[in-house]
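Participant: Numbering-wise, this note's numbering puts 295 at position 161 of the sequence shown, and it's gapless, one number per residue.
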Amino acid sequence: MSTTAELLKGAAELFPDEVVTQAHVRHLDLPGAGRFALITLDNGFDHTKPTTFGPKSLANLNIAIDQVEAEAKAGEIVGAGITGKPFIFAVGADLKGVELLKKHEDALAIGKGGHDVFKRLSSLAVPTFAYYNGAAMGGGVEVGLHCTYRTVSKAIPAFSLPEVFLGLVPGWGGCALLPNLIGADRAVSVIIENSLNQNKQLRGKQVFDLGIADAIFEGADFLEQSLLWTASVLKGELEVARPEVDRGEAWDQAVERGRAIADSKVHGAAPAAYRALDIIAAAKNGDLRQGFDAEDQALADLIMGGELRSGIYAFNLVQKRGKRPAGAPDKSLARPVNKVGVVGAGLMASQLALLFARRLEVPVVLTDIDQERVDKGVGYVHGEIDKLLLKGRINQDKANRLKAAVTGSLDKAAAFGDADFVIEAVFEEMGVKQQVFAEVEAVVPEHAILATNTSSLSVTEMASKLKHPERVVGFHFFNPVAILPLLEIVRGERTDDASLATAFGVAKKLKKTAVLVKDAPAFVVNRILTRFMGEIQNVIDEGTPVVTAEKAVEPLGLPMSPLVLLELVGPAIGLHVSETLHGAFPERFTVSPNLAAVVKAGKRGFYVYDSGKPELDPEVAALLVQGDSVLTEEQVRARVLDAVAQEIGLMLDEGVVAEAQDIDLCLITGAGWPFHLGGITPYLDREGVSERVIGRRFLAEGVASVPA
C-alpha cells in the first residue's frame, strides 16, 4: 500500500511544470487562548496567478500538517488554521496537471492524494479553522470543509465548487462533506445548480448564509477578526451552533431536484452531475470514508473520460485564448476612444449604448429618424441604470454620471462630429446600412471608426461606397448583449490594422471575448447555427414529427432546443439569415417553406406555453406542409451532426477563423454551447463524425481528449 508521500511523489513526476504552492507555518499567541499554528498557502505570485493544488503543492501541505500534528500531540499548540495569500484562498486542483494524466491509476492517485492530505485536518488533536480570505474554488473550498470551523471574508467575490461545470465531481470531500454540513438541498444548489448555471459564483455573505462558514468579517481586517473569534471559540466563550441536518425525506427530495436540474441542463449527455448526485445520495448515512472512496472512483473515471478533457479545453479557450485573440494586430496601433455614437435607438442599439457607457465611461450619443424613437432609446438606458442602482450594483453618484453620459440627438453632425467610434444597429438591409454609413462618414472626424453590428451581411460591401473603407469594421454582438460574452470582430477586405486594433481595444474594455473573423456570410455562430437549424427544419419539412426532430439533438446538452432558440432569435430574423446564406451557398442552405409560412402568419414561434411546457401551437401545426419521409431520432442526429461537421470543415478551409479552437470559443461564448462538449469540434472528433465527413479530426489527439 503506497503512502500519501509516495502517491504524490509519483504524481509529481508526471507533472514537471507545476506552479508549486508553499504551505508556510507560523505561530501566533491568541489572547487568553494560547499558541496557535497558522498555515498560509502561497505560490509566490500575486493574485493574478491564483494558488492551486498540484501534487508537489499537496506534498508541501502534507509536510506542514506533519509539523502541526506533532505540535498538537505534544500539547504545544491549542489549535491550527489555514488561510491564503492576499485576495486568494486557493482555487482548487491544477488542471494543467490533470490534462497530462493518461492512466486510470494515476487519476486515482490524484483523488486519493488530495483526500489523504485534507482529511488529516479533521483528525488533529486540536480544533482546526479555515479562514476563507479570498477567492476559493474546488479543492480550495474542500480543504476548508475538512476543518472544524470556518470563517469567510465579506469581500470574497468568488466561492464555488465548479467541478460539475467542467465535467468532474468535487472529489476531495465536497460531495460527502458539504451535504453533511449544510443539508442536501443547499449542497445540491452549490454543487449542481450553480455549476450548471454557467458556473455561478457565491459571494462572502452567501457563503455565510448557507451555513458553509460559521462567521463572517469585513475584508479589511479579516484575518485579525477571525483570530480574535478563534480565541473566543478556543476559550469556550463562544459556542458555534449549527442547525440539525435533515436526513429524512428532504435529503431524497434534494437529490431528485438535482437530477431534474441535471436533466434540464445536460439531458443525460454528460455524466459528472449524475455521479456527484449518486455520492450525495449515498452520503445520507454520514459515512464519510465510503463517500471519499466513491469520490476517488468518480474522479478517476471522469478524468479518463472525454467530457472532462473537453471541459478543460473549453475552460482554457475562455480563460486564455479568449483573452489573447488569434490574429489581432499589435495593440499599440489602437487609437483612443473618448466618445461613442450609436446609430439607431431600438432595443439592440439601446443595449449597446448602456454597455459602452458602463464599460468605457465616455459620452454616448444615440440618433434615430424621429424624436420619439430617440427619447425611447435614451429612456430605456436611463431605466436600466435605475435598476442597477436599485439592486445596489452602482451608487447614486455613478448612476448620475452614467445618465448624464447617455444622450440623444436627431442631428448626426452635432452628435458625431467629435466621436471616435460610431456603431450602427439599424435594420438588417444592405442599402439601409450603406446609406447610414454614407451619412455618418460625411460628419465624423477622419480617425473615427465606423462599426457595424450586422449579423450576416458583408462588411466589405457595406464599406465599398465610402471614401475611407479602411476604417469600417464588423462588431457583431450577441443577444442579450449584457450576458453573452462573444464579440465577432470582422475584418473587411480594406479594413486597416489601426482600425482593427482600435476595435479589439474597445472590445477588451467592454469585457467581451473578441474573435477575429473573416468577412464571410453570417461569420461564425450564425452560419453554424443556421446550418444546424436548417437541417432540423429540412427533416421536419420532409415529414419527421417536430417532437422527434427536437428530441434528436437533446444528447448534445444544448442550452435550449432548436425551435425554442428560433423563438428567442425571432422566426423573421432566422428566415432572413437563412435567405442570406441560401443566396451565398444555395447547395447547402435551404429556405424552409414552413418557416416562411410561420413568419408570414406573424407567429412568434412554433410553441405555446399554456401548460407551462412548450407544446406545438395548433395554429402552427395547421400551417405545416410535410412530406412522408419520417426519420428516427438517431437518423436526425446523424444528419444534423454531419451537416455541422461539413460546414465547420468548409469554414476552416476558407479561413473564416484561424483554427477550430476559434469555432469552439465562438459557440461557447456566443451561443452558450456546453463546456462538456468543448463547444462542438471535440464532440464531433469523439463521436467519429469529423473523420466520416471530412476525413480527419478537427483537433490533434490529446487536445480535448485523453493523450494517446
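Think of the CB as a built atom: it goes at the ideal place given N, C-alpha and C, for glycine as much as any other residue. Fair warning: this is a prediction, and the values are worked out from it, not measured in the lab.
Counting pairs of beta carbons, one from the segment 294-310 and one from the segment 440-450, are three or more of them closer than 8 Å?
Facilitator: Contact holds: three or more Cβ-Cβ distances are below 8 Å.
Participant: Fully enclosed by the segment 156-226, which beta strand (DSSP E) runs are 3 residues long or longer?
Facilitator: Runs of the beta strand (DSSP E) inside the segment 156-226: 156-164, 168-176, 213-218, 222-224.
Participant: Would you mind reading off the limits of the beta strand (DSSP E) that contains Ala616?
Facilitator: As a position in the sequence shown, residue 616 is number 482, starting the count at 1. Unbroken run through Ala616: none, as it is neither H nor E.
Participant: Classify Gln505: buried if its beta carbon has 16 or more other beta carbons within 10 angstroms, exposed otherwise.
Facilitator: Counting from one through the sequence shown, the residue named residue 505 turns up at place 371. Flag for Gln505 reads exposed.
Participant: Pull the bridge partners of Arg625 from the DSSP assignment, please.
Facilitator: By one-based count along the sequence shown, residue 625 stands at place 491. Val607, Lys652, per the DSSP bridge assignment.
Participant: Where DSSP assigns a beta bridge to Ile557, which residues make up the other side?
Facilitator: To locate residue 557, count along the sequence shown from 1; it is residue 423. Ile557 pairs with Val476, Ala585.
Participant: I'd like the ranges of any beta strand (DSSP E) spanning at least 3 consecutive residues and lying wholly in the segment 319-356.
Facilitator: Listed in chain order, the complete beta strand (DSSP E) runs (minimum 3 residues) inside the segment 319-356 are 349-351.
Participant: I think Thr217 touches Thr186, with their Cβ atoms under 8 Å apart; what is that distance to the nearest whole Å?
Facilitator: Locating residue 217 in the sequence shown gives position 83, where the first residue counts as 1. Locating residue 186 in the sequence shown gives position 52, where the first residue counts as 1. Contact doesn't hold; Cβ gap of about 16 Å is too wide.
Participant: Quick one: grab the DSSP three-state call for Ser294.
Facilitator: Here residue 294 is taken as the residue at index 160 of the sequence shown, counted from 1. Reduced to three states, the DSSP call for Ser294 is strand.
Participant: Taking Val476 and Ala559 to be in contact with their CB atoms under 8 Å, please state how far apart those CB atoms are, rounded to whole angstroms.
Facilitator: The residue you call residue 476 lines up with position 342 of the sequence shown. The residue you call residue 559 lines up with position 425 of the sequence shown. With a Cβ gap of about 7 Å, Val476 and Ala559 count as contacting.
Participant: Ala214: buried (16+ other C-beta within 10 angstroms of its C-beta) or exposed?
Facilitator: Residue 214 sits at position 80 when you count from the first residue of the sequence shown. Ala214 is buried by the Cβ-count criterion.
Participant: If we call anything under 8 Å between Cβ atoms a contact, is Thr815 one with Ile802?
Facilitator: The residue labelled residue 815 in the question sits at position 681 within the sequence shown. The residue labelled residue 802 in the question sits at position 668 within the sequence shown. No, the pair does not count as a contact, with Cβ atoms beyond the cut-off.
Participant: Any idea if Tyr817 is buried or exposed, counting beta-carbon neighbours within 10 angstroms, 16 or more meaning buried?
Facilitator: The count along the sequence shown starts at 1 and reaches residue 817 at position 683. Answer is buried; the Cβ neighbour count reaches 16.
Participant: Is it a yes or a no for the segment 275-287 touching the segment 346-357, going by three-plus beta-carbon pairs under 8 Å?
Facilitator: A contact exists between the segment 275-287 and the segment 346-357.
Participant: Have a look at Ala269, Ala553, Val498 and flag the residue whose alpha-carbon is nearest the alpha-carbon of Leu536.
Facilitator: What you label residue 536 is simply residue 402 of the sequence shown in a count that begins at 1. The residue with the shortest Cα to Cα distance from Leu536 is Val498.
Participant: DSSP three-state label for Arg771, please.
Facilitator: Position 637 of the sequence shown, counted from the start, is the residue given in the question as residue 771. Arg771 falls in the helix class under three-state DSSP.
Participant: Measure the C-alpha to C-alpha separation of Glu458 and Phe609 and round it to an integer number of angstroms.
Facilitator: Numbered from its first residue, the sequence shown carries residue 458 at position 324. Numbered from its first residue, the sequence shown carries residue 609 at position 475. What sits at residue 458 in the sequence shown is Arg, not Glu. About 17 Å.
Participant: Given that a residue counts as buried once 16 or more other Cβ atoms are within 10 Å of its Cβ, and exposed if not, what is Met135?
Facilitator: As a first step, residue 135 must be located in the sequence shown, where it is residue number 1. Note on Met135: pLDDT 49, under 50, position unreliable in the model; the coordinate value appears next. Under this definition Met135 is an exposed residue.
Participant: Of all the options Glu495, Thr501, Val791, which has the alpha carbon lying nearest to the alpha carbon of Asn534?
Facilitator: Within the sequence shown, residue 534 is the residue found at index 400, counting from 1. Minimum Cα distance to Asn534 is reached at Glu495.
Participant: Considering Ala270, what are the terminal residues of the beta strand (DSSP E) in which it resides?
Facilitator: Taking the first residue of the sequence shown as position 1, residue 270 is located at position 136. Note, Ala270: beta strand (DSSP E), 269-271.
Participant: Can you list, in chain order, the residues of its chain with a C-beta nearer than 6 Å to that of Pro264? Leave out the 5 residues immediately preceding and following it.
Facilitator: Mapped onto the sequence shown, residue 264 falls at position 130. The sequence shown places Ala at residue 264, rather than the Pro named in the question. Closer than 6 Å at the Cβ level, and outside the excluded window around Ala264, lie Ile216, Gly278, Cys281, Arg284.
Participant: State the DSSP-derived secondary structure class of Asp570, mapped to helix, strand or coil.
Facilitator: Translated into positions along the sequence shown, residue 570 becomes position 436. Looking at the sequence provided, one finds Val at residue 570 rather than Asp. Val570: helix per DSSP, three-state reduction.
Participant: In this structure, how does DSSP classify Thr262 when only helix, strand and coil are distinguished?
Facilitator: Locating residue 262 in the sequence shown gives position 128, counting from the first residue. If DSSP states are grouped into helix, strand and coil, Thr262 belongs with the strands.
Participant: Does DSSP put Arg443 in a helix, a strand or coil?
Facilitator: What you label residue 443 is simply residue 309 of the sequence shown in a count that begins at 1. Three-state result, Arg443: helix.
Participant: From this set, Gly247, Arg826, Pro184, which residue's C-alpha is nearest Ala139's C-alpha?
Facilitator: What you label residue 139 is simply residue 5 of the sequence shown in a count that begins at 1. Nearest option by C-alpha distance: Gly247.
Participant: Got a sec: does the ligand ZN put a non-hydrogen atom nearer than 7 Å to the Cβ of Val153?
Facilitator: Ligands are entirely absent from the displayed structure, and the ligand ZN is therefore not among its contents.
Participant: Can you tell me the Cα-Cα spacing of Ile707 and Asp397, whole angstroms?
Facilitator: Walking along the sequence shown from the start, residue 707 turns up at place 573. Walking along the sequence shown from the start, residue 397 turns up at place 263. Distance between the alpha carbons of Ile707 and Asp397 is about 30 Å.
Participant: Tell me the residue span of the beta strand (DSSP E) that contains Leu500.
Facilitator: As a position in the sequence shown, residue 500 is number 366, starting the count at 1. Per DSSP, Leu500 belongs to the beta strand (DSSP E) from 498-501.
Participant: Just to confirm the assignment, what range does the beta strand (DSSP E) spanning Tyr283 have?
Facilitator: As a position in the sequence shown, residue 283 is number 149, starting the count at 1. Per DSSP, Tyr283 belongs to the beta strand (DSSP E) from 283-287.
Participant: Touching or not, the segment 570-588 and the segment 543-550, by the rule of three or more beta carbon pairs under 8 Å?
Facilitator: Yes, since at least three Cβ pairs between the segment 570-588 and the segment 543-550 fall closer than 8 Å, the two stretches touch.
Participant: For the segment 675-684 against the segment 763-775, are there 3 or more C-beta pairs whose distance is under 8 Å?
Facilitator: In short, these stretches touch, since the Cβ pair count reaches three.
Participant: Give me the Cα-Cα distance between Val659 and Ser726, rounded to the nearest whole angstrom.
Facilitator: Counted from its first residue, the sequence shown places residue 659 at position 525. Counted from its first residue, the sequence shown places residue 726 at position 592. Their Cα atoms are separated by approximately 20 Å.
Participant: In three-state terms, what does DSSP make of Ser543?
Facilitator: Indexing the sequence shown from 1 puts residue 543 at position 409. Ser543 falls in the strand class under three-state DSSP.
Participant: With H, G and I counted as helix, E and B as strand and the rest as coil, what does DSSP make of Ala766?
Facilitator: Counting from one through the sequence shown, the residue named residue 766 turns up at place 632. This sequence places Thr at residue 766; Ala is not what is there. Looking at Thr766 - three-state DSSP - the assignment turns out to be coil, as it is neither helix nor strand.
Participant: Find out if the Cβ-Cβ distance for the pair Asp154, Asn194 is shorter than 8 Å.
Facilitator: Position 20 of the sequence shown, counting from 1, holds the residue named residue 154. Position 60 of the sequence shown, counting from 1, holds the residue named residue 194. Sequence check: residue 154 is Val here, not Asp. Yes, the Cβ-Cβ distance between Val154 and Asn194 is below 8 Å.
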